[in-house]
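**Q**
Numbering (UniProt numbering), first residue to last: 1 to 330.
#1: Would you give the residue range spanned by the alpha helix (DSSP H) that residue 262 belongs to?
#2: Over what stretch of residues does the beta strand (DSSP E) that includes residue 302 continue unbroken?
#3: If the criterion is Cβ atoms closer than 9 Å, does the pair residue 301 and residue 277 meet it?
#4: Checking 9 Å against the spacing of the C-beta atoms, do residue 329 and residue 275 come in under that value?
#5: Going by C-alpha to C-alpha distance, which of 174, 152, 145, 26 sits closest to residue 163?
#6: So what's residue 174 in DSSP terms, helix, strand or just coil?
#7: For residue 66, which option in 134, 38, 140, 43 has the closest C-alpha, if you only look at C-alpha atoms?
#8: Among residues of its own chain, excluding the 5 on either side of residue 189, which ones have a beta-carbon nearer than 8 Å to its beta-carbon?
#9: Contact between the segment 246 to 264 and the segment 199 to 212 is defined here as three or more beta-carbon pairs at a separation below 8 Å; is this criterion met?
#10: For residue 151, count neighbouring C-beta atoms within 10 Å of its own C-beta (all shown protein chains included) and say buried if the count is 16 or more, exposed if not.
#11: For residue 227, which residues of its own chain have a beta-carbon under 6 Å away from its beta-carbon, when the five flanking residues on both sides are left out?
#12: Here's a check: name, in chain order, each residue in its chain whose Cβ is nearer than 8 Å to the Cβ of residue 312, leaving out the five neighbours to either side.
#13: In the DSSP assignment, find the beta strand (DSSP E) that holds residue 160 and state where it starts and stops.
#14: How would you label residue 90, buried or exposed, when you count the other beta carbons within 10 angstroms and need 16 or more for buried?
#15: Any contact between the segment 117 to 131 and the segment 101 to 108? By contact I mean 3 or more CB pairs, one from each, below 8 Å.
#16: Taking only the alpha-carbon atoms, compute the straight-line gap between residue 132 and residue 183 and give it to the nearest angstrom.
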């Protein structure tokens, strides 16, 4: 029985064990000094108080052993107890520094839920995090990357996990099973084919950990979009295709790229947004909706019906409860 308790005690964290030993020494020596010198230490509390002061080497002097036996107890307590107490504070400081280093180096496990996980570090990820921070995003942001040596942010709302994002142990550190959104960016250190394969592999791992998490995946090659959708992507961002469209618009209509970027920038006031159809908008035509929304300084561009988005549809198009409105809001 005693051996089992001892083995169980050895499994406890070092800091807890040292603390319990120090407390036990204070209590035992405090009680013993009461019996050795009852006149100097009339109560157990006085003895324990003296033991605490002696072990911490503060030495108030309000209680001092008067006999040789009591002083020998004091010497023994200083030699044994002070060492344990010092070890406790040293271990506490060491653990604090190690925890801080683990957080900075991406080794600390995140414990939370409904957070946003961003996979891959590049200029796109940096801009996303900066914009979310500027918009006073209340949720936690988890950044997973295998190339970074330390957390590029000191903001406690941005937790860094270092490792390969397609490995379960890395995703478990990020509490992927509790995440609300996972954004997978293309690896800038690989060619386009390898980057897409890496993104799809990561997507499979993410969906394997949390099938219901909303996933947004950046795909570079058009041929891999279908594979990403097969792997469970809820939304696919075709970076090259979108950039190409912006460039074409700039050729046809000079200066269009600045207008598009302004609409997409959530920090510049006016921006594109999908909003659900409210009850007062039900069964209204596109024309009547446009007129009513304009009164609130909202421009209606289209209606999203299921997976299809109708931009500038016929004026007689009706809005249904399951639809979403594509608008420019301020």
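Here a beta-carbon is modelled for each residue, glycine too, at the ideal position from N, C-alpha and C.
**A** To lay it out plainly:
#1: Walking along the chain shown from the start, residue 262 turns up at place 262. DSSP places residue 262 in the uninterrupted alpha helix (DSSP H) bounded by 256 to 264.
#2: Counting from one through the chain shown, the residue named residue 302 turns up at place 302. Where residue 302 is concerned, the enclosing beta strand (DSSP E) stretches over 299 to 305.
#3: Reading the chain shown from its first residue, position 301 is the one you call residue 301. Reading the chain shown from its first residue, position 277 is the one you call residue 277. Residue 277 sits away from residue 301, with the two beta carbons spaced by 9 Å or more.
#4: Taking the chain shown and counting its residues from 1, the one referred to as residue 329 is at position 329. Taking the chain shown and counting its residues from 1, the one referred to as residue 275 is at position 275. Yes. Within cutoff.
#5: Translated into positions along the chain shown, residue 163 becomes position 163. Residue 145 is the option with its Cα nearest to residue 163.
#6: Here residue 174 corresponds to residue number 174 of the chain shown, with the count starting at 1. Residue 174: coil per DSSP, three-state reduction.
#7: Here residue 66 is taken as the residue at index 66 of the chain shown, counted from 1. Of the listed residues, the one whose Cα sits closest to residue 66 is 38.
#8: As a position in the chain shown, residue 189 is number 189, starting the count at 1. So the list reads 147, once near-sequence residues are dropped.
#9: no
#10: Translated into the one-based positions of the chain shown, residue 151 becomes position 151. By the C-beta density criterion, residue 151 is buried, having at least 16 other C-beta atoms within 10 angstroms.
#11: Reading the chain shown from its first residue, position 227 is the one you call residue 227. Only 200 meet the Cβ criterion.
#12: By 1-based counting over the chain shown, the position of residue 312 is 312. Leaving aside the five residues that flank residue 312 on each side, the residues in its chain whose CB is nearer than 8 Å to its CB run, in chain order, 301, 302.
#13: As a position in the chain shown, residue 160 is number 160, starting the count at 1. Per DSSP, residue 160 belongs to the beta strand (DSSP E) from 158 to 162.
#14: Here the question's residue 90 lines up with position 90 in the chain shown. Of the other Cβ atoms in all chains shown, fewer than 16 fall within 10 Å of the Cβ of residue 90; this residue is therefore exposed.
#15: Contact fails: fewer than three Cβ-Cβ distances are below 8 Å.
#16: Numbered from its first residue, the chain shown carries residue 132 at position 132. Numbered from its first residue, the chain shown carries residue 183 at position 183. If I take the Cα positions, the gap works out to 13 Å.
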